Amino acid sequence: MGLHELTGDEVPSTLKELVAQGKVANFVTPDGLVLDLFWEPDLFPPNADPKQQFTRANHLAFHIDADLFDHALEVLKNHQVIIDHGPVSRPTGRGIYFYDPDGFIVEIRCDNIS
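In this note's numbering, each number is its position in the sequence shown, counted from 1, plus 330.
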């Protein structure tokens, strides 16, 4: 796949503490796609209810520019996408969580505006 692990100054500033704790690893593909793998200690067994956590993954997160976040939220609302929770603000940035048509939870996130 050509993955390159982000280290040192390459790690997003919002994730440096989690990387140092071994709770997240960041990779980038040759075409610039960033993949963040978060440690998840309490994965649940498979459940037919899509509102339950999945066994192998908690959710997929897509990073967007901070100035596009509010527009992305409006697009979700205009398409009657049911928001699971959010928008939320954390030290790692802003996020909104919703379910895709197959019941998998998806996050749209951005860095905090400096």
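We treat Cβ as the ideally placed atom computed from N, Cα and C, and that holds for glycine.
This one's a predicted model, so the numbers in the text were calculated from it and none came from an experiment.
Assignment of Asn388 by DSSP, reduced to helix, strand and coil, places it in the coil class.
For Asp430, the three-state secondary structure derived from DSSP is coil. For Asp361 and His415, the gap between their C-alpha atoms comes out near 31 Å.
For the options Gly352, Asn388, Phe368, Leu398, the alpha carbon positioned closest to that of Gly433 is the one of Asn388.
If you compare the alpha carbons of Val341, Ile435, Leu406 with that of Asn356, the shortest gap goes to Val341.
With distances taken between CA atoms, Lys346 lies nearest to Asp366 out of Ser419, Asp397, Val418, Asp366. Glu437 has Ala391, Tyr427 as its beta-bridge partners, per DSSP. The criterion of a C-beta distance shorter than 9 Å is not satisfied by Ala396 and Ile438. Taking a C-beta distance under 9 Å as the contact criterion, Tyr429 and Val436 qualify as a contact pair. Annotation: Asp339 is outside any alpha helix (DSSP H) and is labelled neither H nor E by DSSP.
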